[in-house]
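**Student:** I'd like to ask some things about the structure below.
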Amino acid sequence: MATKKHFLVKNFYLFLVFFLTMVCPMNGQTIKNKVVEESDYHLWGYLKQDQLSNYGKWASFHMSYESNKDTLFIKSIDTHKLFAIPNGYNSKFSLDENWVAFQSYDGYVGLLNLRNGKREHFEDATIYDWSNSGHYLSLYFQVEKKLIIRDIRSGFSKTFSGITDHHFNHKGNILAYIQEMDGMNKVVKINLENNFSEHPIYRSPDKIQNLKLHETKESLIFLEEYSHPDYIEKSHVIHFYNNKLNSYDPRLEKDFPKDKYVSRNLIISVSDFFISKQEHRIFFPIQKWTRVSDTFASRNEDQVEIWHYKDTEVFPRQENFNFSVIGAKLAAWDLKDNKIDEITNSSQGLYVLNESHTHALIYSDSEYLPLFKHQGLYSDVYIFDLEKHQKSLFLDKLNLENPILSSPKGRYFNYFRDNNWWIYDLDSQKHFAITKAIKEKITKDFSLTSRETIPLSFPVWSRDENEIFISGVNNIWRMNLINSTTAQLTNGFKHGYSYEIYNGPRASQNARAIHHNKVSIIENPKEIIVKKTSLQSKFSGFEILNENSQNETLVYGDILTDELFSSKNNKTMVFRQQRYDQSPQLKLYKDGELSDLYQSNTHEHKFYWGSSKLIQYKDSKNKPLQGILYYPSDYDSEKQYPLIVIPYDQQTRYYNQFILPSMAADGELLTSVLNLKGYFVLLPDINYEEGNAGISASNCIVSATKKAMELENINPNGIGIMGHSFGAYETYFTITQTNLFSAAIAGSGFSDLFTFSLSIHPGFRNHPETNYFEFGQIRMNKPFYEMKDLYLKNSPIFQSDKINTPLLSWSGKNDSRVFWNQSLYMYLALRRMEKENIMLIYPNEYHVLTKKENQLDLTSKVLDWFDYHLKGHEPKDWITNTNQY
Numbered sequence: 055m056a057t058k059k060h061f062l063v064k065n066f067y068l069f070l071v072f073f074l075t076m077v078c079p080m081n082g083q084t085i086k087n088k089v090v091e092e093s094d095y096h097l098w099g100y101l102k103q104d105q106l107s108n109y110g111k112w113a114s115f116h117m118s119y120e121s122n123k124d125t126l127f128i129k130s131i132d133t134h135k136l137f138a139i140p141n142g143y144n145s146k147f148s149l150d151e152n153w154v155a156f157q158s159y160d161g162y163v164g165l166l167n168l169r170n171g172k173r174e175h176f177e178d179a180t181i182y183d184w185s186n187s188g189h190y191l192s193l194y195f196q197v198e199k200k201l202i203i204r205d206i207r208s209g210f211s212k213t214f215s216g217i218t219d220h221h222f223n224h225k226g227n228i229l230a231y232i233q234e235m236d237g238m239n240k241v242v243k244i245n246l247e248n249n250f251s252e253h254p255i256y257r258s259p260d261k262i263q264n265l266k267l268h269e270t271k272e273s274l275i276f277l278e279e280y281s282h283p284d285y286i287e288k289s290h291v292i293h294f295y296n297n298k299l300n301s302y303d304p305r306l307e308k309d310f311p312k313d314k315y316v317s318r319n320l321i322i323s324v325s326d327f328f329i330s331k332q333e334h335r336i337f338f339p340i341q342k343w344t345r346v347s348d349t350f351a352s353r354n355e356d357q358v359e360i361w362h363y364k365d366t367e368v369f370p371r372q373e374n375f376n377f378s379v380i381g382a383k384l385a386a387w388d389l390k391d392n393k394i395d396e397i398t399n400s401s402q403g404l405y406v407l408n409e410s411h412t413h414a415l416i417y418s419d420s421e422y423l424p425l426f427k428h429q430g431l432y433s434d435v436y437i438f439d440l441e442k443h444q445k446s447l448f449l450d451k452l453n454l455e456n457p458i459l460s461s462p463k464g465r466y467f468n469y470f471r472d473n474n475w476w477i478y479d480l481d482s483q484k485h486f487a488i489t490k491a492i493k494e495k496i497t498k499d500f501s502l503t504s505r506e507t508i509p510l511s512f513p514v515w516s517r518d519e520n521e522i523f524i525s526g527v528n529n530i531w532r533m534n535l536i537n538s539t540t541a542q543l544t545n546g547f548k549h550g551y552s553y554e555i556y557n558g559p560r561a562s563q564n565a566r567a568i569h570h571n572k573v574s575i576i577e578n579p580k581e582i583i584v585k586k587t588s589l590q591s592k593f594s595g596f597e598i599l600n601e602n603s604q605n606e607t608l609v610y611g612d613i614l615t616d617e618l619f620s621s622k623n624n625k626t627m628v629f630r631q632q633r634y635d636q637s638p639q640l641k642l643y644k645d646g647e648l649s650d651l652y653q654s655n656t657h658e659h660k661f662y663w664g665s666s667k668l669i670q671y672k673d674s675k676n677k678p679l680q681g682i683l684y685y686p687s688d689y690d691s692e693k694q695y696p697l698i699v700i701p702y703d704q705q706t707r708y709y710n711q712f713i714l715p716s717m718a719a720d721g722e723l724l725t726s727v728l729n730l731k732g733y734f735v736l737l738p739d740i741n742y743e744e745g746n747a748g749i750s751a752s753n754c755i756v757s758a759t760k761k762a763m764e765l766e767n768i769n770p771n772g773i774g775i776m777g778h779s780f781g782a783y784e785t786y787f788t789i790t791q792t793n794l795f796s797a798a799i800a801g802s803g804f805s806d807l808f809t810f811s812l813s814i815h816p817g818f819r820n821h822p823e824t825n826y827f828e829f830g831q832i833r834m835n836k837p838f839y840e841m842k843d844l845y846l847k848n849s850p851i852f853q854s855d856k857i858n859t860p861l862l863s864w865s866g867k868n869d870s871r872v873f874w875n876q877s878l879y880m881y882l883a884l885r886r887m888e889k890e891n892i893m894l895i896y897p898n899e900y901h902v903l904t905k906k907e908n909q910l911d912l913t914s915k916v917l918d919w920f921d922y923h924l925k926g927h928e929p930k931d932w933i934t935n936t937n938q939y
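Mapping the sequence shown onto this note's numbering, position 882 (from 1) lands on 936, and the numbers just tick up by one.
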């Protein structure tokens, strides 16, 4: 009996083992049995959202691949029906959510019927647009100058030839176009709701262009070109149509400046030709004529350059300065009194308009040049009252890193100064500091352009302008402008969270703001979507903040959550989630429930992949810091692995970001490849000390590296360091301070603080690098002659005799940000000392390599270098086969 019982028990356990082996994979316990090879990298793509339809019935998103074989997906929220469109991009849904249009890299515009799945391709169509009514689709064929308008409800289409420009009005019931045909140019309005009936507005043998329609009303404007025999440029007659035509011809107006013309050039990289909100003013660019006889543009190349020490701008900058003098300026035609206002001028060239277009702010930085005398980028700001045609000083010495923005209706300007957010009330003409009652920090620790503080985030307004919301280090605060109260809406400090209002893809854009910052508006202050992040663990997610300050958590955890799209009623939301070891996926939040919508790279569960975690360490002053430690894909705690450290400022913000494997990547984006090749990778945060950027960076890098060695089984003789640009400077300097690293790679970095600080680079807009050193990223804060010892101590080239680490450096020969001679200095210094180093110079390349063949070559050589020095592999021929002495 005992023998039989033993037999039964034994066979029961054998059966159990067999059962678990067979069943567990079916229950979600994935067995990874493949090593990712370079030939597999093309399988991975990156997921990015495109659109969510108006009421959340459909979502569009796309997968992009290094091979450029991208795919656009359209998916039903309710039925999960999925359409795949190879090479598709730029999708937009119709208002009724029954159609989606898209463009294709194959050279057509597509239209997909979401009810029956039928597709149409419009070959050679270059752009498309939906009317705001959602009833009409326009398709434009640029080469043929052909326009097709389709009524999406009936299927009726009409084709127009010779079209050079076209736009829907804001209601979507009118379309206006410019047509060139039979030697004539004409402007026509089409009534789309009346059988596409056409109403001619104007015709001329002269060229007509720049058709613009009012943002919310029925008026439109356009320009008619003319020439002057004495001048090079073309000027224009301005035409305004609002049931009748009103024209402004500079040739016929006595008050129009005779040395200027109506230009089509841009002032601040957006359209500067538009109708004011009230329809009684037209804004347009104005510019100085250039006589045919003038030859200023062809300066004699043999002419001596005079570099005077009292010049407000150094000689190479004077071309930029001259452009600001002779470039386009903003003017306005007042339709009520037929008066022209020149709003900006040669010394006051940049502007911001309030949203109601009644006032303009004009920037004047000429008083704050040269920059070194004022330790930053500053400007006086003037306010121009367009109703009264008067200009006066608004603010003096404003830090240009702190933009001025308008409120949604235009009553207020808001700006940051003296560690506070301020508003200026155009009604009362008074300035108010609105954040003095906030009991936490609302500023960043460091500015790249001045020694002044800059804000953590920008204000968010309620649509009615009664409330403004500000994010601090931990919390969101609401300022009520009606009763002057301040309320704390979150309790982030208690739990170590950071809260900020999520300014997602639907945030509006103030297109004419000098800095192009988003003017964010909360449509429903009773239901605010906020982003929550743990300052310590970097966990993140989204919450809905209700009017009673009670938070409803949508999602939160050890995962990166971003790209939230919401339907018009906020009932449906789609957002993206990713981890370093989990490819991006789309999650759906609907009716209070969370579900999966799409998972990218579904093959990845078959492969070994790395992982990541945060590590804690301290700098030389005992300040706590964090870094990201990435684990090899074949990690085994019993094995030793090499480690590569990649320094650059604060990098834990990248925690949980998925990184595609690519041999064409560089820097921290090479992390996946290095993990797959059997390396740990460390991205440390760095706390900088003013005047000691190199020394403080080196201390943090070494401290983080030693902490990683304490935590994991890292080969002490297999540690490398690699950096690019400022990270390359940190790499250079760190290997002068320690022998901890067995190999180093530095790309496009500077090695000599003295020569670099006394340089001028086109990539820095020809500003002297002294600015970058005294109030920028180098953080020296003083010129070299006032602190020679610290420039010396923090300059890698002057410590190069201490380097014992084999160094590979690289640079693009056309790098305009850090000239390649900075790599050359270090190469020549180490060469003279007969210390191991190789320099790679890529012809016709820049600060970052742009040609794929060079990207692949560099990554290959990076791996060769580290494999040789950190893993003990045989050196490749390019490392050893040289013309050696």
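The beta-carbon is built from N, C-alpha and C at its ideal position, and this holds for glycine as well.
Pairs of beta-carbons, one from the stretch 597 to 611 and one from the stretch 666 to 676, closer than 8 Å: are there three or more?
**Tutor:** Because the criterion of three Cβ pairs below 8 Å is not met, the stretch 597 to 611 and the stretch 666 to 676 do not touch.
**Student:** Nearest by alpha-carbon distance to Gly-748: which of Lys-493, Asn-767, Tyr-662 and Leu-844 is it?
**Tutor:** When only C-alpha atoms are compared, the closest one is Leu-844.
**Student:** Under DSSP, the beta strand (DSSP E) around His-253 begins and ends at which residues?
**Tutor:** That run of the beta strand (DSSP E) goes 251 to 258.
**Student:** Which runs of the beta strand (DSSP E) at least 3 residues long sit entirely within the stretch 323 to 404? Give them in chain order.
**Tutor:** Segments of the beta strand (DSSP E) lying fully in the stretch 323 to 404: 335 to 342, 383 to 388 and 393 to 396.
**Student:** Shortest alpha-carbon distance to Asn-399 belongs to which of Leu-389, Leu-415, Glu-409 and Lys-390?
**Tutor:** When each option's Cα is compared against that of Asn-399, the closest is Leu-415.
**Student:** When the Cα atoms are used, what is the spatial distance from Tyr-939 to Glu-888?
**Tutor:** Going by the C-alpha atoms only, they are around 11 Å apart.
**Student:** When the Cβ atoms of the stretch 429 to 439 are set against those of the stretch 448 to 461, are three or more pairs found closer than 8 Å?
**Tutor:** At 8 Å Cβ cutoff, the stretches touch.
**Student:** Buried or exposed for Asp-921, please, with buried defined as at least 16 other CB atoms from any protein chain shown within 10 angstroms of its CB.
**Tutor:** When all chains shown are included, Asp-921 counts as buried.
**Student:** Counting only the same chain and skipping the five closest in sequence on each side, list residues whose C-beta sits under 7 Å from that of Lys-495.
**Tutor:** Same-chain partners within the cutoff: Gly-526 and Val-527.
**Student:** With Ala-414 as the anchor, note down where its alpha helix (DSSP H) starts and where it stops.
**Tutor:** Where Ala-414 is concerned, there is no enclosing alpha helix (DSSP H), although the beta strand (DSSP E) it sits in stretches over 413 to 418.
**Student:** Take Asn-741 as the anchor and find which of Met-763, Thr-706 and Thr-725 has the nearest alpha-carbon.
**Tutor:** Taking only the C-alpha atoms, the option nearest Asn-741 is Thr-706.
**Student:** In terms of residues, what are the limits of the alpha helix (DSSP H) holding Trp-515?
**Tutor:** Careful: Trp-515 lies outside any alpha helix (DSSP H), inside the beta strand (DSSP E) at 514 to 516.
**Student:** Answer yes if the stretch 613 to 629 comes into contact with the stretch 98 to 106, meaning at least three C-beta pairs across the two stretches below 8 Å, and no otherwise.
**Tutor:** Short answer: they touch.
**Student:** Using 8 Å for Cβ pairs, my map puts Leu-265 next to Asn-223. What's the rounded Cβ distance?
**Tutor:** About 12 Å separates the two Cβ atoms, so there is no contact after all.
**Student:** Would you mind listing the beta strand (DSSP E) stretches within the stretch 477 to 547 that are 3+ residues and don't spill past its ends, in chain order?
**Tutor:** Correct list: 484 to 487, 514 to 516, 521 to 525, 530 to 534 and 539 to 542.
**Student:** Quick one, which of Ser-726, Asp-395 and Phe-787 has its alpha-carbon nearest Met-880's?
**Tutor:** If we check each option's Cα against that of Met-880, Phe-787 comes out closest.
**Student:** When the distance is taken between beta carbons, is Ile-895 closer than 8 Å to Leu-862?
**Tutor:** Going by C-beta atoms, Leu-862 is not nearer than 8 Å to Ile-895.
**Student:** Three or more C-beta pairs under 8 Å: does that hold for the stretch 798 to 816 against the stretch 759 to 778?
**Tutor:** Counting Cβ pairs under 8 Å, three or more are found: they touch.
**Student:** What does the alpha-carbon distance come out to for the pair Leu-543 and Phe-486?
**Tutor:** Approximately 22 Å, taken between the alpha carbons.
**Student:** Have a look at Ser-854 and Ile-321 and give me their C-alpha separation to the nearest angstrom.
**Tutor:** Rounded to whole angstroms, Ser-854 to Ile-321 spans 47 Å at the Cα level.
**Student:** Are Glu-120 and Ser-654 closer than 8 Å when you measure CB to CB?
**Tutor:** Taking 8 Å as the Cβ cut-off, Glu-120 and Ser-654 do not qualify as a contacting pair.
**Student:** Can you tell me which of the three DSSP states Gln-694 falls into?
**Tutor:** If DSSP states are grouped into helix, strand and coil, Gln-694 belongs with coil.
**Student:** Just verifying my parser: in three-state terms, what is the DSSP assignment at Phe-127?
**Tutor:** In the structure shown, Phe-127 sits in a strand (DSSP, three-state: E or B).
**Student:** Residues in the same chain with beta-carbon distance under 6 Å from Leu-185, minus the five sequence neighbours each way, listed in chain order, please.
**Tutor:** In the sequence as displayed, the identity of residue 185 is Ser instead of Leu. So the qualifying residues of the chain are Phe-222 and Gly-226.
**Student:** For Lys-64, which residues from the same chain have a beta carbon less than 8 Å from its beta carbon, with the 5 sequence-adjacent residues on both sides left out?
**Tutor:** Because the pLDDT at Lys-64 is just 41, under 50, the model does not fix this residue reliably, and the point stays unresolved.
**Student:** With H, G and I counted as helix, E and B as strand and the rest as coil, what does DSSP make of Val-902?
**Tutor:** If DSSP states are grouped into helix, strand and coil, Val-902 belongs with coil.
**Student:** With 16 as the cutoff for other CB atoms within 10 Å, does Lys-129 come out buried or exposed?
**Tutor:** Buried.
**Student:** Looking at the C-beta of Val-90, does it have a partner C-beta in chain B at a distance below 8 Å?
**Tutor:** Absent from the structure: chain B. Only one protein chain is present.
**Student:** Near Gly-171, which residues of its chain fall below 6 Å by C-beta distance, leaving aside the five closest residues on each side in sequence?
**Tutor:** Cβ within range, chain order: n/a, list empty.
**Student:** By the three-class DSSP mapping on this structure, what secondary structure does Met-238 have?
**Tutor:** Residue state, collapsed to three classes: strand.
**Student:** Which of the three DSSP states is assigned to Thr-759 in this structure?
**Tutor:** Note: Thr-759 maps to helix in three-state DSSP.
**Student:** Buried or exposed: where does Gly-781 fall if 16 or more other Cβ atoms within 10 Å of its Cβ makes it buried?
**Tutor:** It counts as buried.
**Student:** Look at the Cβ atom of Trp-153, then the Cβ atom of Leu-166, and state whether they are nearer than 8 Å.
**Tutor:** For Trp-153 and Leu-166, yes; Cβs fall inside 8 Å.
**Student:** Can you confirm whether the stretch 855 to 875 touches the stretch 800 to 817 when touching is taken to mean that 3 or more C-beta pairs between the two stretches lie within less than 8 Å?
**Tutor:** Yes: the two stretches touch, three or more of their Cβ pairs being nearer than 8 Å.
**Student:** Between Asp-806, Gly-216, Pro-816 and Glu-766, which lies nearest to Ile-851 when the distance is taken from Cα to Cα?
**Tutor:** Checked all of Asp-806, Gly-216, Pro-816 and Glu-766; the closest Cα to Ile-851 is Asp-806.
**Student:** Where do the ends of the beta strand (DSSP E) carrying Ile-575 lie?
**Tutor:** Note, Ile-575: beta strand (DSSP E), 574 to 576.
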